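A.B. asks: Heads up: the sequence shown begins at 0 in numbering that gives the first Met the number 0, then just goes up one per residue.
Think of the CB as a built atom: it goes at the ideal place given N, C-alpha and C, for glycine as much as any other residue.
Only a predicted model underlies this, so the values are computations on that prediction, with no experimental measurement involved.
Submitted below is the structure of interest, expressed as structure tokens.
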Amino acid sequence: MGLSNAQFAALTFVGFATAILSAIVGMAGGITLLSVMLLFYDPLLAIPLHGVVQLVSNSSRAVIHREHLRWDLIWRYGVLLLPLGFIGIEISQQLPPSITKAAIGLFVLFATWAPKLLLMGARPEDSDPNRRFILLGGAVGALNTTIGATGPLIAPFFLNLGLTRFSLIGTKAACQALGHVAKIVIFGVVGFVYTAYVPLLVALCASAIIGTYTGTRILHAVNEVWFIRLYKTVLTLVALHLVIGEMLPG
0 MGLSNAQFAA LTFVGFATAI LSAIVGMAGG ITLLSVMLLF YDPLLAIPLH GVVQLVSNSS
60 RAVIHREHLR WDLIWRYGVL LLPLGFIGIE ISQQLPPSIT KAAIGLFVLF ATWAPKLLLM
120 GARPEDSDPN RRFILLGGAV GALNTTIGAT GPLIAPFFLN LGLTRFSLIG TKAACQALGH
180 VAKIVIFGVV GFVYTAYVPL LVALCASAII GTYTGTRILH AVNEVWFIRL YKTVLTLVAL
240 HLVIGEMLPG
């Protein structure tokens, strides 16, 4: 569906606000943006569009920390992204949009309030790093084209690697950017026409860049505890809408 001018402006503002969120909290902006985009678009439209915006956002962080990247982890992460991604999109195309939205909503709720449950008892920080990142890339490849946002799932896999703060931020951003590249390619192969959404993509990418800059500038002036509480409240309301919205009449 096409967006009204008010919806276009609202989504652009959300892109700006979620970029500020990522800059202040360090994560969560991507999954919040996708959740809001799903209020306007079906998953098979929202997920690839979201991928383009997040590619810009994550690539910028990876470039900033390029001297600290762990390429040995990044290439292993990329090995299974495409093959598992194609399997994921085959599944996604068979599911009704309401089911996919509900699944994403549930994922968001767990990621927000009980992230450890997503790992189902696994302790990735104790596993061999080489094997860890190959398997992680495969899991993300499949989920990228079905759930769309996997940041909360990825985070624990970067523990106990002896990474500096800069290396962790940069390497995680590079891995996520690589995942978004794979997602963009896969959706393009199956026929998604990105050029039909150029105005929205330009607006969202620009708002992400400006939001990242703004968030970095105001980082020390924000009460992080209050901000995280507000973020969790808003994200929970959006996720609940995704879960139960399709069940309500009319």
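Please report the residue range of the alpha helix (DSSP H) in which lysine 182 lies.
C.D. replies: On the sequence shown, position 183 is the one that residue 182 refers to. Residues 164 to 188.
A.B. asks: So is glycine 187 buried or exposed if we call it buried at 16+ other beta carbons inside 10 Å?
C.D. replies: For this step, residue 187 is matched to residue 188 along the sequence shown. With fewer than 16 Cβ atoms within 10 Å of its Cβ, glycine 187 is classed as exposed.
A.B. asks: Count the other C-beta atoms from every protein chain shown that fall within 10 angstroms of the C-beta of glutamine 92, then say buried if there are 16 or more, exposed otherwise.
C.D. replies: As a working mapping, residue 92 is identified with position 93 in the sequence shown. Label assigned to glutamine 92: exposed.
A.B. asks: Could you name the residues of the same chain whose beta carbon sits closer than 7 angstroms to that of glycine 77, not counting the 5 residues immediately before and after it, in chain order?
C.D. replies: By one-based count along the sequence shown, residue 77 stands at place 78. Gly136 and Leu177, listed in sequence order.
A.B. asks: Do leucine 72 and phenylalanine 132 have their CB atoms nearer than 8 angstroms?
C.D. replies: Residue mapping note: residue 72 aligns to position 73 of the sequence shown, counting from 1. Residue mapping note: residue 132 aligns to position 133 of the sequence shown, counting from 1. Yes, Cβ-Cβ distance for leucine 72 and phenylalanine 132 is below 8 angstroms.
A.B. asks: For serine 3, which of helix, strand or coil comes out of DSSP?
C.D. replies: For the purposes of this step, residue 3 is taken as residue 4 along the sequence shown, with counting starting at 1. It is coil, neither helix nor strand.
A.B. asks: Does valine 55 get closer than 8 angstroms to chain E when you measure Cβ to Cβ?
C.D. replies: Absent here is chain E; the protein component of the structure consists of one chain.
A.B. asks: Looking only at C-alpha atoms, which of Gly1, Tyr212, Val242 and Asn222 sits nearest to threonine 17?
C.D. replies: Taking the sequence shown and counting its residues from 1, one reaches residue 17 at position 18. With distances taken between Cα atoms, threonine 17 lies closest to Tyr212.
A.B. asks: Threshold first: 4 residues or longer. Then list the alpha helix (DSSP H) segments lying entirely within the segment 62 to 133, N to C.
C.D. replies: The qualifying runs are 70 to 77, 80 to 93 and 96 to 112.
A.B. asks: Is it buried or exposed for valine 224, if we count other Cβ within 10 angstroms and need 16 for buried?
C.D. replies: In the sequence shown, counting from the first residue as 1, residue 224 sits at position 225. Result: exposed.
A.B. asks: Tell me whether lysine 231 is buried or exposed, calling it buried when 16 or more other Cβ atoms sit within 10 Å of its Cβ.
C.D. replies: As a working note, residue 231 is residue 232 in the sequence shown. Exposed is the call here.
A.B. asks: Short check: CB of glycine 104 to CB of leucine 234, under 8 angstroms?
C.D. replies: Position 105 of the sequence shown, counted from the first residue, corresponds to residue 104. Position 235 of the sequence shown, counted from the first residue, corresponds to residue 234. No, Cβ-Cβ distance for glycine 104 and leucine 234 is not below 8 angstroms.
A.B. asks: For tyrosine 40, name the three-state secondary structure that DSSP assigns.
C.D. replies: Locating residue 40 in the sequence shown gives position 41, counting from the first residue. In this structure, tyrosine 40 counts as coil in the three-state DSSP scheme.
A.B. asks: Let's see if you can read the secondary structure: which residues bound the alpha helix (DSSP H) around glycine 147?
C.D. replies: Here the question's residue 147 lines up with position 148 in the sequence shown. No alpha helix (DSSP H) contains glycine 147, which DSSP labels as neither H nor E.
A.B. asks: Would glutamine 53 and histidine 179 qualify as a contact pair, given that the criterion is a beta-carbon distance under 8 angstroms?
C.D. replies: Within the sequence shown, numbered from 1, the residue matching residue 53 stands at position 54. Within the sequence shown, numbered from 1, the residue matching residue 179 stands at position 180. Yes, these two residues count as a Cβ contact at 8 angstroms.
A.B. asks: I need the straight-line Cα distance from tryptophan 139 to alanine 45, nearest angstrom please.
C.D. replies: Counting from 1 along the sequence shown, the entry for residue 139 is found at position 140. Counting from 1 along the sequence shown, the entry for residue 45 is found at position 46. Checking the sequence shown, residue 139 turns out to be valine, not tryptophan. When rounded, the distance between both Cα atoms is 17 angstroms.
A.B. asks: If you count every other CB in all the chains shown that lies within 10 Å of the CB of alanine 207, and 16 or more means buried, which is it?
C.D. replies: Locating residue 207 in the sequence shown gives position 208, where the first residue counts as 1. By the 10 Å Cβ count, alanine 207 comes out buried.
A.B. asks: According to the Cβ coordinates, are isoleucine 168 and histidine 64 closer than 8 angstroms?
C.D. replies: Taking the first residue of the sequence shown as position 1, residue 168 is located at position 169. Taking the first residue of the sequence shown as position 1, residue 64 is located at position 65. Against a cut-off of 8 angstroms, the Cβ pair of histidine 64 and isoleucine 168 comes out as a contact.
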